[in-house]
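One structure is given here, and the rest of the page talks about it.
Numbering (our numbering), first residue to last: 1331 to 1512.
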């Protein structure tokens, strides 16, 4: 008996099909960039409306002990004077102390922020009316994340019912610090 040799490569060639060559994709033509207009638009600044019969006191509390107490006055567009009182932690101002204590009672460190190790300071500003209502609550400056920012706003809102009533409309800026103990 003789062994016949089998051509195995012939079978593969007969059954194999060559893959179709991919068609080259047409290159998108670059769109011409619009030329900048020579006219530059100047930003329009809107100044807040202040009624002449209302005095607004601006109060700021700063947590850092090395800042000195400063007093300055600002003039609005109508010419009304707004007095700015700087507040340091060592200075005893009963009104601001009560506001800060009310916020601290309602301010809880969020668990997710504690787990993630988030720290920072959120500077909030709001206007406290004579009737105890609050308006214009906003974050002015923040070194914290979104979790701590929203928590600071919620703390101020929930603490607003415990704020003392001012003798006149007052603008308040208060820093809320979030720090973890090591």
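Glycine included, each C-beta is placed from N, C-alpha and C at the ideal position.
Less than 7 Å between the beta carbons of residue 1489 and residue 1436, yes or no?
yes
Would residue 1510 and residue 1449 qualify as a contact pair, given that the criterion is a beta-carbon distance under 7 Å?
yes
Assign residue 1497 to one of three DSSP states: helix, strand, or coil.
coil
Please list the segments of the beta strand (DSSP E) lying wholly inside the stretch 1439-1480, counting only runs of 3 or more residues, in order along the chain.
1450-1458, 1464-1472
By DSSP's criteria, residue 1428 is part of a beta bridge. Which residues make up the other side?
Note: residue 1428 sits in no beta bridge, so no partner.
Please report how far the alpha carbon of residue 1504 lies from the alpha carbon of residue 1482, in whole angstroms.
10 Å
Comparing alpha-carbon positions, which option in 1431, 1456, 1442 lies nearest residue 1475?
1442
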